[in-house]
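Here the structure is laid out as structure tokens; the discussion comes afterwards.
Numbering (the working numbering), first residue to last: 0 to 698.
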């Protein structure tokens, strides 16, 4: 979601406090009936199914059973309806219905006062088309072949990760993906091996095979829970939305399945996607959006009105999210809901990490509680390695008095294993979002902020993080302009062509990647950034055309040199442990080069790992001209303006030439020779050349 700044509205006026306190008192009273059990929702067996829903202040609740997931399928109307009984000590309504209800659909009719509303089950694990009815499911029947052998893909420390962001739709909607037409834009696209550009035999590999070769360790997938902004009953190729519109938090999105009318199908196919990525050695990070719901008239609101949300003094919904409503993580049952949902996805779907949309709207206690729950998820302690990070922007929300929000200014109150996106280095690299002034990679400016980001926000005087493990280092993501689009706008202005290759912008792109990959923290990039992805200058493409958002896989040939450069940077980072130190020790020991030319910054970084490279020197030149930079010692150059990797490009002593808008990464000669770290692929150097028949690109 896009950044919104502001302060928590807990600091309200004296006149407002009484009214706000009335809502607090209402929620606090319901919190007295908070339920600690793990059996909310539908608990299935062949002999009977038990339904449980928490709604302590409801006058009555009934469960309605249906044959189909919507009235547009087969016979309309319910098969049966049963009254539920309230346990006043827990606030839980329940009923057990005998018989086999497998794959039957259901809703609840919840009455508050004189008003009855029909709602899906907030704890549903499966649902019908468009998520309007929940489904009774036996999860063991949704496992793909070999699922019992599927394991989490984890790294030892958060900073060992490298993240590549994509949506299910963007990954394969284009015909250029080479994915079969039936699976384009769907979960199953990730399972197709052997795909090539436009499906041409012998052409460059795309999709899952491309990712295997790229060298990234994690794929962060934009929302794939059930969301409301795409009509699953219609042709999805005629629609598009990012999906930051939650409807059913614990069900996969139906438009990404081959049959959205069958709740069990989307579950199995989602698991197949995850399994395919795991088989490729790639972890899966789920983009979760607990800060708001698609509409204010959500299943949460229909089940327990005005409890799950932050309310203003006039009875309207707090809107710090900019999405019409803010959920209230400080209320005990929504805190529990978030914990239960995250641990469910981790255990049932083997999700390896979570990216929290607008995390700054959630409270510190809830975020730390989720971290603890993941840490304790498995007996072997591997849950500690499940990643957690999010958007810690400071936003105006009407949270309960005394709530400490998980924003950047409070990040040191969070676990060291809960990270946040670093907008300081983002803007220092290429300029403010949507801006045209540029920054370091365009003109060598913003060196001071760049250094803060290079240290992973862990400098004790200027940083907001306890350690680099709390810092996600990036230049662009799905929000705002793509990196290449921002470069086009800031350098060429209105005359720029977004889908055209400009050599100076390619150089800036490579420089940006070098900064991200060698900085402390968790390196992150938008999928396709490595082949100069464009969205035609659209800075908020959440509901733009599918064509504008989808990856154009033809560009992997047009920008093959840039891709190889990124691959080489991944290898360099993985070979030198000091780049991924999860503590602040390395960040606080960086030795910056003195007497560097204007527009240049550089530093040396030491490594204590035995048998590896001892020392590296990293230099960035954001200026328009080549610069000679003094760096005392004997060095082996591993990366320059054209090439990056583990092979020796050349040897230099005491000084090195750094081309305009480029980086040089060097290792001390002695340890390079003794460590014997080699690239098992040998030398891979690709110079860009103008193809005889250029790809057809709109400009």
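Ideal placement from N, C-alpha and C gives every residue a C-beta, glycine not left out. Since the model is a prediction, treat every value here as computed from it, not as a measurement.
Neighbourhood of residue i by C-beta distance below 6 Å, restricted to the same chain and skipping five residues each side
i, result
"residue 190", "271, 275"
"residue 542", "240"
"residue 232", "128"
"residue 695", "A caution first: residue 695 carries a pLDDT of 33, below 50, which makes its placement in the model unreliable, though a value can still be read off. Answer for residue 695: no residue qualifies."
"residue 525", "164, 475, 476"
"residue 480", "538"
"residue 181", "none"
"residue 103", "64, 135"
"residue 85", "92"
"residue 202", "195, 196"
"residue 412", "363"
Three-state secondary structure (DSSP) of residue i
i, result
"residue 164", "strand"
"residue 555", "helix"
"residue 135", "coil"
"residue 619", "strand"
"residue 700", "Residue numbering for the chain in the displayed model covers 0 to 698; residue 700 lies beyond these limits and cannot be assessed."
"residue 335", "helix"
"residue 63", "strand"
"residue 522", "strand"
"residue 32", "coil"
"residue 659", "coil"
"residue 100", "coil"
"residue 367", "helix"
"residue 354", "strand"
"residue 141", "helix"
"residue 380", "coil"
"residue 342", "helix"
"residue 23", "helix"
"residue 115", "strand"
"residue 595", "coil"
"residue 667", "strand"
"residue 577", "helix"
"residue 570", "helix"
"residue 158", "helix"
"residue 153", "coil"
"residue 638", "strand"
"residue 613", "coil"
"residue 651", "strand"
Expected contact under 8 Å - CB spacing of residue i and residue j to nearest Å
i, j, result
"residue 153", "residue 351", "6 Å"
"residue 218", "residue 283", "6 Å"
"residue 451", "residue 472", "Not confirmed; about 11 Å, so no contact."
"residue 651", "residue 626", "Residue 651 to residue 626, Cβ: 14 Å. No contact."
"residue 226", "residue 550", "Between residue 550 and residue 226 the Cβ distance is about 20 Å, and since that is not below 8 Å, they are no contact."
"residue 167", "residue 107", "Incorrect: roughly 30 Å between the Cβ atoms, too far for contact."
"residue 418", "residue 393", "So it is not a contact: roughly 16 Å between Cβ atoms."
"residue 456", "residue 421", "6 Å"
"residue 614", "residue 670", "7 Å"
"residue 564", "residue 509", "5 Å"
"residue 521", "residue 157", "6 Å"
Close beta carbons around residue i, own chain, < 8 Å, minus the five adjacent residues each side
i, result
"residue 569", "161, 213, 214, 215, 516"
"residue 99", "45, 46"
"residue 34", "53, 89, 90, 91, 332, 335"
"residue 429", "437, 438, 439, 440, 441, 474, 475, 482, 485, 486, 489, 507, 511"
"residue 622", "442, 443, 596, 597, 598, 599, 659, 660"
"residue 12", "Only weak support is given to the placement of residue 12: the predicted model assigns it a pLDDT of 37, under 50, and the value that follows is read from those uncertain coordinates. Nothing meets the Cβ criterion."
Cut-off 7 Å between Cβ atoms - residues of its own chain near residue i, not counting five sequence neighbours on either side
i, result
"residue 344", "285, 350"
"residue 427", "438, 439, 445, 448, 449, 452"
"residue 73", "66, 67"
Residue i: CB within 7 Å of a non-hydrogen atom of the ligand ADP
i, result
"residue 653", "Judged by which ligands are present, the structure shown has none, so any question about the ligand ADP falls away."
Completely contained alpha helix (DSSP H) runs for the segment 255-330, where each covers 4 or more residues: 262-278, 298-302
Does the segment 53-72 come close enough to the segment 367-376 that 3 or more CB-CB pairs lie under 8 Å? no
Whole beta strand (DSSP E) runs in the segment 392-443 with 3 or more residues, listed along the chain? 418-420
Are the segment 243-260 and the segment 115-128 touching, with three or more C-beta to C-beta distances below 8 Å? Contact between the segment 243-260 and the segment 115-128 is present, because at least three Cβ pairs lie under 8 Å.
Could you tell me whether the segment 616-635 touches the segment 534-549, using the rule of 3 or more Cβ pairs below 8 Å? no
Would you call the segment 439-446 and the segment 457-467 in contact, with 3 or more CB pairs under 8 Å? no
Between the segment 434-443 and the segment 572-581, are three or more C-beta pairs nearer than 8 Å? no
Indicate whether the contact test is met: 3 or more Cβ pairs, each with one atom in the segment 625-640 and one in the segment 660-672, closer than 8 Å. yes
Counting beta carbon pairs with one atom in the segment 284-302 and one in the segment 220-232, are three or more of them shorter than 8 Å? yes
Report yes or no: do three or more beta-carbon pairs, one from the segment 387-403 and one from the segment 307-320, lie closer than 8 Å? Short answer: they touch.
Is there contact between the segment 399-411 and the segment 373-380, where contact requires at least three CB pairs shorter than 8 Å? no
Completely contained beta strand (DSSP E) runs for the segment 166-253, where each covers 3 or more residues: 217-220, 224-226, 245-251
List in chain order: all unbroken beta strand (DSSP E) runs of 3+ residues lying wholly within the segment 471-556. Runs found: 521-525.
Answer yes if the segment 256-270 comes into contact with the segment 301-310, meaning at least three C-beta pairs across the two stretches below 8 Å, and no otherwise. no
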